[in-house]
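Engineer: Position one of the sequence shown corresponds to residue 1 (the UniProt record's numbering), numbered consecutively onward. Following this message is one structure expressed as structure tokens.
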Amino acid sequence: MRLFTFLLLLLPLTSNAAQANYLMIKYMQPKEAMEERLNSVDGLAQYIKQVEVDINKQISETNSMPTWGFLVIAVRYDGKIKAWIDSDAEVAPEITKSLLNVAQNTQAFAVNKGAVVFAIGFDIGGVGLPPYTMPFPNDWKKIANCTNEDCQNQDIEALALNNWK
Numbered sequence: 001m002r003l004f005t006f007l008l009l010l011l012p013l014t015s016n017a018a019q020a021n022y023l024m025i026k027y028m029q030p031k032e033a034m035e036e037r038l039n040s041v042d043g044l045a046q047y048i049k050q051v052e053v054d055i056n057k058q059i060s061e062t063n064s065m066p067t068w069g070f071l072v073i074a075v076r077y078d079g080k081i082k083a084w085i086d087s088d089a090e091v092a093p094e095i096t097k098s099l100l101n102v103a104q105n106t107q108a109f110a111v112n113k114g115a116v117v118f119a120i121g122f123d124i125g126g127v128g129l130p131p132y133t134m135p136f137p138n139d140w141k142k143i144a145n146c147t148n149e150d151c152q153n154q155d156i157e158a159l160a161l162n163n164w165k
């Protein structure tokens with residue numbers, strides 16, 4: 001009976017281990033731009049799948065409060081990758097570091113010119129994504145000099161390329 005009670009006490013500690021749920025893929029460029037930049041969506045799909053698997057491997061030992069956000073990713077024609085986190089909720093620094101590290105160090109897919117920009121919507125702890133929420137990282141808002149409401153008509157590819165650090 002003591003063992004059972006001890007195991008029940010451990011349950012809250014183990015249930016906080018992070019596991020990301022992937023809720024949506026948002027292509028952040030018009031369909032025509034994506035078609036010009038990709039020979040096929042197969043490489044993009046394989047990249048996304050690998051990122052999702054590797055993130056969950058990396059964060060499985062990390063504790064996290066429930067949260068949500070977007071992992072925004074740009075892949076350039078030269079194979080370089082840049083990623084940003086966009087969320088109105090607090091994302092633990094360890095989780096942010098893991099998300100960015102995996103996205104930026106996974107083998108890129110072929111891009112014909114410019115950059116392909118997309119976002120992976122995620123949550124941890126089953127909180128979901130707020131309705132009508134679209135990704136637009138704060139770094140981009142600074143460059144574009146816009147807020148959430150007036151950022152909709154920005155050139156996403158140009159913002160991503162101009163924000164490469």
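The beta carbon of each residue, even a glycine, is placed where N, CA and C say it ideally should be.
On the three-pair Cβ rule with 8 Å, is the segment 142-160 touching the segment 40-54?
Structural biologist: Flag = no, the segment 142-160 and the segment 40-54 do not touch.
Engineer: What three-state label does DSSP hand N112 in the structure shown?
Structural biologist: Note: N112 maps to coil in three-state DSSP.
Engineer: Which residue marks the beginning of the alpha helix (DSSP H) containing A160, and which one marks its end?
Structural biologist: Per DSSP, A160 belongs to the alpha helix (DSSP H) from 156-162.
Engineer: Closest to S98 by C-alpha separation, out of Q29, N56, Y47, F122, would be which residue?
Structural biologist: The shortest C-alpha separation from S98 is found at N56.
Engineer: Just to confirm my understanding: we take I143, look at its own chain, exclude 5 residues before and 5 after, and list those with CB closer than 8 Å. What are they?
Structural biologist: For I143, where only same-chain residues beyond five positions count, the Cβ hits under 8 Å are L159, N162, N163.
Engineer: Looking only at its chain, what residues have a beta carbon closer than 6 Å to the beta carbon of K82, apart from the 5 residues adjacent to it on each side?
Structural biologist: Result list for K82: A74, W164, in chain order.
Engineer: What is the DSSP secondary structure of G125, reduced to helix, strand or coil?
Structural biologist: Note: G125 maps to coil in three-state DSSP.
Engineer: When you compare each of N39, N21, L23 to A110 by their alpha carbons, which one comes out closest?
Structural biologist: Out of N39, N21, L23, N39 has the C-alpha closest to the C-alpha of A110.
Engineer: What residue range is occupied by the uninterrupted beta strand (DSSP E) comprising M101?
Structural biologist: At residue 101 the sequence reads Asn, which differs from the Met that was named. N101 -> not in any beta strand (DSSP E); alpha helix (DSSP H) instead, spanning 93-105.
Engineer: Helix, strand or coil for G79, going by three-state DSSP, please let me know.
Structural biologist: The answer is coil: DSSP assigns G79 none of H, G, I, E or B.
Engineer: Could you have a look at M134 and say whether DSSP puts it in helix, strand or coil?
Structural biologist: Coil.
Engineer: Restricting to runs no shorter than 4 residues, where is the alpha helix (DSSP H) found entirely within the segment 19-94?
Structural biologist: DSSP runs (the alpha helix (DSSP H)) wholly in the segment 19-94: 31-37, 42-59.
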